[in-house]
Amino acid sequence: MKLAHPRTGELFDSPVPPGVGWPGDPATSRTAVAETPAQVTAMAEAVKTIDELDAEVSVCRACPRLVEWREEVAVVKRKSFADQPYWGRPIPGWGSARPRIVIVGLAPAAHGGNRTGRVFTGDRSGDFLFAALHRAGLANQAECLDAADGLALNDTRVAAAVRCAPPGNAPTPAERATCAPWLDAEWRLISSHVRVIIALGAFAWRAALQMIGSVPTPAPKFGHGAAATLDNVTLIGCYHPSQQNTFTGKLTPQMLDDVFQLARERAGEKRR
Numbered sequence: 001m002k003l004a005h006p007r008t009g010e011l012f013d014s015p016v017p018p019g020v021g022w023p024g025d026p027a028t029s030r031t032a033v034a035e036t037p038a039q040v041t042a043m044a045e046a047v048k049t050i051d052e053l054d055a056e057v058s059v060c061r062a063c064p065r066l067v068e069w070r071e072e073v074a075v076v077k078r079k080s081f082a083d084q085p086y087w088g089r090p091i092p093g094w095g096s097a098r099p100r101i102v103i104v105g106l107a108p109a110a111h112g113g114n115r116t117g118r119v120f121t122g123d124r125s126g127d128f129l130f131a132a133l134h135r136a137g138l139a140n141q142a143e144c145l146d147a148a149d150g151l152a153l154n155d156t157r158v159a160a161a162v163r164c165a166p167p168g169n170a171p172t173p174a175e176r177a178t179c180a181p182w183l184d185a186e187w188r189l190i191s192s193h194v195r196v197i198i199a200l201g202a203f204a205w206r207a208a209l210q211m212i213g214s215v216p217t218p219a220p221k222f223g224h225g226a227a228a229t230l231d232n233v234t235l236i237g238c239y240h241p242s243q244q245n246t247f248t249g250k251l252t253p254q255m256l257d258d259v260f261q262l263a264r265e266r267a268g269e270k271r272r
């Protein structure tokens, strides 16, 4: 049964097939699909544009456990979203194609990005993150409800190290390794513009170090507010804006504001 998108009112299956009009869907019914880790590596190495990369990421089926989980969630759903279609596919990076600041997270939330089709959108973590981006002048609005809400980022891009929502918010080491070539390809396509990377959490920090590729020994250690300069790029650590961190005060709005202020300074960003 098709259900109405909460903003546009258009009807969609759940999960959403590629190329049927979902807001921001980068893929078509003809987009190539990676079915194995080897195909992910080959396709990621061959991709030539961000648009092409986003499309191929959004239809990837290389991790059977993640495919089964993301699609099961899109059918079973959370009761509060039972009347909505769920994206139920991998989440590509989103924001500027020529960013000076890149934010790297771990993986989409089952009822956030996996529902809305946009990274950090539709859950409390995203509310906390995008409100701070708006305060910092890096987003045009604080609201981040769905992929058709008008949100836009200024010189900033957000990506996840693992592109599918994992059970228990915990991808396996094999799933992390399978997904890594997509992030590597994203870095290859945008790195000439990037001046700052913000890693949300320790895993994102490790993924960012691997993505950059040139890591000193010993490798820089993660910590909130930690900063390391690598190949003319500043890597900044930040606690993940999970409810566990924000509800307990481990990460406060001011702490996140301070991280974005440092990022703007290192990126040479002028206040908009």
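Residues 1 to 272 (the working numbering) are what the sequence shown spells out, left to right. By construction, the Cβ of each residue, glycine as well, lies at the ideal position given by its N, Cα and C atoms. A quick note: this is a predicted structure, and the numbers were derived from the prediction, not measured.
Item: At least three beta-carbon pairs within less than 8 Å, the stretch 65 to 78 to the stretch 200 to 208; Value: no
Item: From L138, A107, R163, residue whose alpha carbon lies closest to that of D257; Value: L138
Item: Burial state of L151, where buried means 16 or more other Cβ atoms lie within 10 Å; Value: buried
Item: Beta carbon of F12 nearer than 7 Å to that of P85; Value: yes
Item: Backbone CA spacing between P238 and R266 [nearest angstrom]; Value: Correcting the residue identity first, residue 238 is Cys in this sequence and not Pro. C-alpha separation (whole angstroms): 15 Å.
Item: Length at least 3, wholly inside the stretch 113 to 141: the beta strand (DSSP E) runs in chain order; Value: none
Item: Neighbour-count burial assignment, S242, 16 or more Cβ in a 10 Å radius; Value: buried
Item: Simplified DSSP assignment, three categories, for L30; Value: Per the sequence presented here, residue 30 reads as Arg, with Leu not at that position. In this structure, R30 counts as coil in the three-state DSSP scheme.
Item: Close beta carbons around I103, own chain, < 6 Å, minus the five adjacent residues each side; Value: V158, I198
Item: Stretch pair the stretch 120 to 131 + the stretch 57 to 73: three plus CB contacts closer than 8 Å; Value: no
Item: Validate contact between the stretch 160 to 176 and the stretch 21 to 32 using beta carbons, cut 8 Å, 3 pairs; Value: no
Item: Three-state class that DSSP yields for C63 in the structure shown; Value: coil
Item: Under 7 Å between C-beta atoms of N114 and R176; Value: no
Item: Coarse secondary structure for R266, derived from DSSP in three states; Value: helix
Item: Integer-rounded CB distance, given that P171 should sit under 8 Å from A107; Value: 6 Å
Item: Anticipated Cβ contact below 8 Å, A44 with P181, distance rounded; Value: 4 Å
Item: Neighbourhood of T36 by C-beta distance below 7 Å, restricted to the same chain and skipping five residues each side; Value: A62
Item: Proximity to I236 [Cα-Cα], best of E56, K250, A207; Value: A207
Item: Bridge-paired residues (DSSP) for W94; Value: V158
Item: Bridge-paired residues (DSSP) for L273; Value: Beyond the ends of the chain as shown, which are 1 and 272, falls residue 273; an answer cannot be given.
Item: Every unbroken alpha helix (DSSP H) inside the stretch 164 to 233 [4 residues or more]; Value: 173 to 190, 202 to 212
Item: Helix, strand or coil at A4 according to DSSP, with G and I counted as helix; Value: strand
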